[in-house]
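Just below is one structure, and these are the notes that go with it.
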Amino acid sequence: MGGKKGLVLGAGGARGLAHLGVLQVLKEENLEPDIVVGCSAGAIFGALWAVGLDLYRAERLLVYPGFTRRLFDVSVPKDGLFKGDRFLDVMRLLTKDATFEQLNIPLAIVATDLETGDLVVFREGNVAQAVRASISIPGVFKPYRYQDRLLVDGAVKNRLPVQVAREMGAEKVLAIDVRRGLNNKINTAMDVLLQTIEILQEEVFRCNSLDADFLIQPNVSHIGSLQFDTAAEAIRIGREAAMAQCSEIKRLME
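The structure is reproduced here in structure tokens:
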């Protein structure tokens, strides 16, 4: 099947750890997209794929006891619970502080301009900084100022930016959505905020998901958006979802 193949990795907080399991299966099956687009959690794993990081090394880091907790540096809660500086340092390390121009594969990372409401698509500049902007979940991470914009989570505008892959030339698009199903455990003000954001995104998601040629939705709805200590489980669920639909993925990607 000719034409460029695009891979779109959607937002989802800790549920986004399932992306890693899907990517491992793609790598094992030698299914290489020509274009990768990532939003929020999807931006993290899209960047790791694009720099060629060993995906099993990434898994060992993420499941190591206490590793994910070290990524969160508590802020004075004015504009976000976490400053995001530690996360940025780790992303700089894992991506070798690469620019988009140095990557093995064309990558786009999506964020939202908090001051204008525009969708911002990064395809140049520093990869780690673009990821830091994209993961700025409102109320969780402080907004990130980069390239003269004040930026928050790309999912505020579009949690599954399939159209960005189309605009980059993808004729076939495999999309991974990790936000299927709302979390029914609402215990804190942060839970209320995150659930509200997800509800507001749903209509945009439905429209965009229809534009994908194939959609994978790992069943991670029971994992809360900030439950990063569930890395091993989320990665396993991502692997299982990809393996269960492997024949369909191969038909699309080969």
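Read in order, the letters of the sequence shown correspond to residues 32 to 285 in my numbering.
We put the CB at the ideal spot given by N, CA and C, even for glycine.
Everything numeric in this text was worked out from a predicted model, so none of it was measured.
What separation, rounded to the nearest whole angstrom, lies between the Cα atoms of residue i and residue j?
i	j	result
I254	A265	8 angstroms
N157	M122	11 angstroms
L134	W80	9 angstroms
E202	G115	35 angstroms
R282	L112	43 angstroms
L299	C70	The structure shown does not extend to residue 299, since the chain is modelled only from 32 through 285, so no value can be given for it.
C277	A206	14 angstroms
I287	F172	Lying before the first or after the last residue shown, residue 287 is absent from the chain, which here runs from 32 to 285.
Less than 8 angstroms between the C-beta atoms of residue i and residue j, yes or no?
i	j	result
R52	G269	The sequence given here places Gly at residue 52; Arg does not occur at that position. Yes, Cβ-Cβ distance for G52 and G269 is below 8 angstroms.
L38	P64	yes
L182	V151	yes
R210	G83	no
L86	L54	yes
L124	A78	no
S119	R163	Note on residue identity: the sequence assigns Leu, not Ser, to residue 119. For L119 and R163, yes; Cβs fall inside 8 angstroms.
D242	V195	no
T143	F259	no
Q248	D208	yes
Go ahead and label residue i buried or exposed: buried means 16 or more other beta carbons lie within 10 angstroms of its beta carbon, across all protein chains shown.
i	result
G97	exposed
D149	exposed
Y95	exposed
N189	buried
R46	buried
E229	buried
K36	buried
Who does residue i pair with in a DSSP beta bridge?
i	result
T130	N157
I207	L40 and I247
I266	Answer by DSSP bridge pairing: none, since I266 is not bridged.
Using CA atoms only, rank isn't needed, just tell me which of the options is closest to residue i.
i	options	result
D244	A272, N250, F259 and M284	M284
D184	A196, F76 and I168	I168
V187	S165, P249 and V67	S165
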